[in-house]
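Adding 1 to a residue's 1-based position in the sequence shown gives its number in this note's numbering.
Please read the structure below before turning to the comments.
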Amino acid sequence: MSYLASLSREELIARIESLEAAVKVGEKNGSLTTEVGSSTSIPVTSSSSSSSRPALPETPSSPSPLVDENGKPLRKHDRKVIRKKEKEFRFNSHGQRHIALIISYHGWPYCGIALQDKPEIKTVESELLNALIKTKLIEDTNGINTLEGCGYSRCGRTDRGVSGNGQIVNLWVRSLRKRNDGGESLPNEFGYKDPTEDPIPSKPTSTSTEIEEDEIDGNSKQNKNKNKIKNKEIPSSPILEFPYPKLLNSVLPPSIRILGWSPLNTEFDSRFSCKFRHYKYAFHLKPTPSSDSLNLKLMEKGCEYLIGENDHRNFCKLDGSKQIKNHKRTILKAYFQEDDKSKKDGIDISQETSGSSEEDENYDDIEKEQSKESKKIIFNLIGTAFLWHQVRHIISVLFLIGMELEKPEIIKDLLNVEKYPSKPLYTMGDPLPLTLFECGYEQGLLDWRFSGYDGPWQSLSIEKKLELWDYAMNGKDSFERQLLQSTQKYDLKSWQINNSLNKLRQIFPTSQENQILSQRPETNESNQQKQIIYPVGGGEFIIGRSYKELKDRPRGETPDQVNEKYRLTKGDKKKKSKMEVEATNEDE
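Now the structure itself:
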């Protein structure tokens with residue numbers, strides 16, 4: 002089709018109009034074609050009169066017109082869309098490599114991380130799957146089996162509303178590399194698979210539009226990356242891999258971000274190779290304006306009983322479908338730390354300046370008082386593995402200890418399955434403040450980078466890293482700016498909401514309110530009306546007129562009872578349904 006490049010705009014329009022007219026002529030009188038070389042073509046005159054143009058039919062090999070209905074050339078984006086639809090893509094003609102991704106995501110927009118059978122349920126993995134298919138990094142085999150087909154595995158499962166900052170997944174994806182391509186030596190069968198099909202034969206000539214197609218199409222040349230970095234005068238140009246984070250972040254929603262990728266050279270599984278998982282749960286030391294601050298010393302005392310291997314059946318939600326019989330889990334560390342931002346907010350940097358009004362000074366006092374109330378504490382829980390909702394149950398009991406409604410020893414008692422064979426009924430913590438912060442692996446097993454360089458990175462010297470920096474970290478700075486922009490945006494929104502609270506207290510001073518209410522005479526009736534408030538995390542709290550200790554509350558079912566009930570009800574139904582399906586398939 003290279004001869005089309007030499008035609009003028011008027012000649013191209015003439016050809017299109019003649020082809021459109023030929024459709025009607027061909028239906029009545031047949032078609033007429035003239036072969037020119039190996040391409041189907043027609044003679045075209047420079048006259049603008051449509052009556053003088055010969056009419057020939059379109060052939061199956063005719064390309065889609067690159068002009069709109071008015072004869073105007075299509076925009077660059079529209080031309081690329083047409084080219085992509087026409088271009089054949091063979092996934093198996095590309096090599097595949099085993100990689101790990103580190104993912105950060107917000108939990109509140111999604112129904113957990115795990116991909117569900119129903120496509121309308123939006124999860125983190127459903128968005129990730131769509132991004133992998135759209136960028137052609139994995140082959141679309143329809144539905145939930147697509148991830149299984151690429152050897153996908155995740156470190157930890159987080160539920161609805163729970164976020165993740167250090168979630169690790171591993172999978173096989175399409176590679177830009179080939180063996181013996183002059184780059185870093187590719188790993189063995191655990192890290193790289195050769196193509197199983199021959200590549201699509203390249204066309205003898207390429208149009209300028211085809212040359213411009215990006216890495217996602219799978220036919221970009223290595224010299225494209227070389228030329229970009231060659232302008233920066235770096236001595237050598239290594240053969241590069243796909244910049245996986247950049248590709249995926251370009252199509253993922255802002256609430257999900259790929260922070261880096263690592264080549265894998267061993268038989269790695271993000272779940273079973275993990276040595277520990279680190280969860281963080283944030284909360285405010287003073288839950289509500291009218292409540293007392295949490296007693297952090299008592300909460301720390303309760304944490305001491307968590308360390309070691311214990312049966313955590315009373316700190317989780319039982320799931321009969323899993324038929325779990327062993328609820329023993331090992332907690333390595335459990336501790337509290339003050340949030341860095343809270344430490345900065347606690348520093349008094351205000352100075353008296355000339356011209357400051359009394360109203361401004363009062364407002365500053367209110368802000369200081371409010372900073373004490375908004376002091377944020379982070380609960381850290383590190384263990385080898387966790388049960389369903391385990392962290393949220395533990396923090397809920399710690400809140401009761403911090404409000405001095407329970408003693409720290411209640412943790413030790415709940416871990417004693419002889420004393421508590423089943424869980425007392427209590428509300429678990431809110432999911433919003435919980436995040437999977439880190440997944441721990443053996444040193445050197447993962448080697449993170451952001452861009453397309455796929456050689457060793459962490460083990461390199463400072464001088465070598467400086468030489469290869471643009472290849473390994475290209476695009477990280479702009480990505481970091483995007484995250485900082487989002488952080489500042491939400492921080493300013495929080496500041497605006499705080500202004501509303503401070504203004505309310507400026508209009509109705511808390512000191513005056515306390516002075517007035519302190520004069521109220523106490524009676525038996527007023528004492529009975531006093532409310533008990535205790536937090537459950539995420540700004541949520543429970544209000545009641547009385548509190549019943551956990552030892553006096555009703556108990557749930559034991560794990561054996563839950564498992565047996567499931568087997569006798571849903572388990573038998575599923576087994577029967579499966580047998581019916583198998584019998585139907587045999588009949589067919």
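Backbone N, C-alpha and C define an ideal beta-carbon position, used for all residues, glycine too.
According to DSSP, simplified to helix, strand and coil, what is residue i?
| i | result |
| --- | --- |
| Trp470 | helix |
| Trp496 | helix |
| His596 | Since the first and last residues shown for the chain are 2 and 589, residue 596 lies out of range. |
| Thr488 | helix |
| His78 | helix |
| Asn171 | strand |
| Ile100 | strand |
| Asn311 | strand |
| Gly38 | Summary for Gly38: the model assigns pLDDT 39, below 50, so the residue's position carries little reliability; its value from the coordinates is reported in the next sentence. Correct three-state label for Gly38: coil. |
| Thr124 | coil |
| Tyr193 | strand |
| Thr559 | coil |
| Arg10 | helix |
| Ile533 | strand |
| Ser19 | helix |
| Lys247 | helix |
| Arg568 | helix |
| Arg272 | coil |
Whole angstroms are fine: how far does the CA of residue j sit from the CA of residue i?
| i | j | result |
| --- | --- | --- |
| Arg258 | Asn311 | 35 Å |
| Leu333 | Gly384 | 5 Å |
| Lys571 | Ile463 | 59 Å |
| Asn500 | Lys137 | 47 Å |
| Lys247 | Val163 | 25 Å |
| Phe337 | Gln486 | 29 Å |
| Lys81 | Lys73 | 16 Å |
| Gln168 | Phe438 | 8 Å |
| Val563 | Pro555 | 16 Å |
| Gly150 | Arg178 | 21 Å |
| Lys323 | Val392 | 19 Å |
| Ile43 | His78 | For Ile43, the predicted structure reports a pLDDT of 43, less than 50, and the residue's modelled location is therefore unreliable. The matter cannot be settled from this model. |
| His279 | Cys440 | 6 Å |
| Asn381 | Glu198 | 50 Å |
| Glu407 | Glu242 | 56 Å |
| Thr559 | Cys275 | 30 Å |
| Trp262 | Pro200 | 26 Å |
| Gln507 | Lys494 | 20 Å |
| Thr436 | Lys420 | 32 Å |
| Gln117 | Glu128 | 11 Å |
| Glu339 | Ile308 | 21 Å |
| Ile402 | Thr267 | 46 Å |
| Ile412 | Arg521 | 39 Å |
| Arg76 | Glu12 | 19 Å |
| Asp105 | Thr488 | The sequence as given places Ser at residue 105; Asp does not occur at that position. Cα to Cα, Ser105 sits roughly 14 Å from Thr488. |
| Thr147 | Ser176 | 18 Å |
| Leu20 | Ile14 | 10 Å |
List the residues that DSSP assigns as beta-bridge partners of residue i.
| i | result |
| --- | --- |
| Asn381 | Lys281 and Tyr336 |
| Thr267 | Looking at the DSSP assignment, Thr267 forms no beta bridge with any residue, so it has no partner. |
| Tyr106 | Gly165 and Ile257 |
| Gly538 | Glu541 |
| Ser154 | Asn171 |
| Arg330 | Asn311 |
| Pro522 | In DSSP, Pro522 forms no bridge with anything. |
Name the residue from the options whose alpha carbon lies nearest to the alpha carbon of residue i.
| i | options | result |
| --- | --- | --- |
| Phe316 | Gly309, Gln324 and His328 | His328 |
| Trp470 | Tyr454, Met300 and Gln483 | Tyr454 |
| Val170 | Lys298, Leu102, Thr147 and Arg91 | Leu102 |
| Asp561 | Val537, Glu21, Ile325 and Ser251 | Ile325 |
| Gly545 | Ile534, Lys552, Met404 and Gly538 | Ile534 |
| Trp109 | Asp141, Leu433, Phe542 and Glu481 | Leu433 |
| Leu286 | Leu299, Pro244 and Lys376 | Lys376 |
| Cys112 | Asp118, Ile122 and Asn503 | Ile122 |
| Lys552 | Asp431, Pro510, Tyr427 and Cys304 | Tyr427 |
| Arg158 | Ser186, Thr124, Gln497 and Leu415 | Thr124 |
| Gln532 | Ile543, Pro522 and Gly539 | Ile543 |
| Pro239 | Arg330, Pro457, Asp141 and Phe400 | Pro457 |
| Ser479 | Leu505, Asn250, Arg568 and Lys504 | Asn250 |
| Tyr153 | Val174, Lys135 and Gly165 | Val174 |
| Ser94 | Leu253, Lys194 and Gln444 | Lys194 |
| Pro254 | Ala132, Thr331 and Pro188 | Ala132 |
| Leu319 | Arg155, Tyr282, Pro290 and Glu565 | Glu565 |
| Lys424 | Glu443, Lys504, Gln444 and Ile395 | Ile395 |
Let me see if you follow: with CB-CB separation under 9 Å, is residue i close to chain B or not?
| i | result |
| --- | --- |
| Tyr442 | Note that chain B does not occur in the displayed structure, where there is just one protein chain. |
*Minimum length 4: unbroken alpha helix (DSSP H) runs contained in the segment 429-481*: The segment 429-481 contains these whole alpha helix (DSSP H) runs: 463-474.
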